[in-house]
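Read through the structure below, which is laid out as C-alpha cells, and then see the notes.
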Amino acid sequence: MNFWETITGSDLTRECKAFDARAAILPAEYRAAWEEIKIHLLPHGDFTGRNLMPILDGALGLLEGTASEGQGVHEALGDDIKGFCAAVAGEGGAKSYRDKWRDQLNKNVARKLGRLGE
Numbered sequence: 000m001n002f003w004e005t006i007t008g009s010d011l012t013r014e015c016k017a018f019d020a021r022a023a024i025l026p027a028e029y030r031a032a033w034e035e036i037k038i039h040l041l042p043h044g045d046f047t048g049r050n051l052m053p054i055l056d057g058a059l060g061l062l063e064g065t066a067s068e069g070q071g072v073h074e075a076l077g078d079d080i081k082g083f084c085a086a087v088a089g090e091g092g093a094k095s096y097r098d099k100w101r102d103q104l105n106k107n108v109a110r111k112l113g114r115l116g117e
C-alpha cells in the first residue's frame, strides 16, 4: 500500500469490490446474511474502516466455507446475526465510535482533574 492509496482509500475500495464479487456467487440467503453482517459491523470501524477488513474477510470466508459444505446460514451464524457481529468485532479488538468517544472523554476529564489537584 503506497501513500496515495492510503490517503485516497482506493485500496479499501478495491478490497470492498473484491468482497462483493466473492459474495455475489453465494446463494441468496448467504448474500442477505453478508449484507446484514456489513451493516452490523460498520459501527465498529475506525475512521477509515481499515480495522474491519480482516474481520470482514474472515466472516466472508466462514460464509463461503459453510455454503460449500451445504450448511444453512443459521447453522453457521446462529439466529442472531447482530450478536454474531458484536462477538466477532469484540474479539477482533474493534471498538465502536461510542467506546472511542467515551475513552477520549475519560482521558480529557482525568487530565483536567489532574490539573485541578495541583
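Going by numbering that gives the first Met the number 0, the sequence shown opens with residue 0, and the numbers climb by one from there.
Just so you know, even glycine gets a beta-carbon here, dropped at the ideal spot from N, CA and C.
Determine the contact status of residue i and residue j, defining contact as a CB-CB distance below 7 Å.
{"i": "Leu76", "j": "Arg21", "result": "no"}
{"i": "Glu28", "j": "Val72", "result": "yes"}
{"i": "Cys84", "j": "Ile36", "result": "yes"}
For a test of the three-state rule: what should DSSP assign to residue i, helix, strand or coil?
{"i": "Pro120", "result": "Past the edges of the chain, shown from 0 to 117, lies residue 120, and the structure says nothing about it."}
{"i": "Gly44", "result": "coil"}
{"i": "Glu74", "result": "helix"}
{"i": "Gly69", "result": "coil"}
{"i": "Asp102", "result": "helix"}
Using a Cβ-Cβ distance cut-off of 7 Å, determine whether residue i contacts chain C.
{"i": "Tyr29", "result": "The structure shown contains no chain C, having only a single protein chain."}
What residue range does the alpha helix (DSSP H) around residue i cover?
{"i": "Asp19", "result": "Ser9 to Ala23"}
Can residue i be considered in contact with the ligand NAD, in the sense that its beta carbon sits closer than 6 Å to one or more heavy atoms?
{"i": "Leu76", "result": "In the structure on display, the ligand NAD does not appear, and there are no ligands present to speak of."}
Stretch-stretch touch, CB-based, cutoff 8 Å, three pairs: the region 101-115 with the region 50-66 = Not touching, per the Cβ criterion.
Three or more C-beta pairs below 8 Å linking the region 33-48 and the region 74-89 = As far as the Cβ criterion goes, the region 33-48 touches the region 74-89, which means the pair count is three or higher.
ask   = Quick one: any contact between the region 7-16 and the region 61-69, if contact means 3 or more CB pairs under 8 Å?
value = Not touching, per the Cβ criterion.
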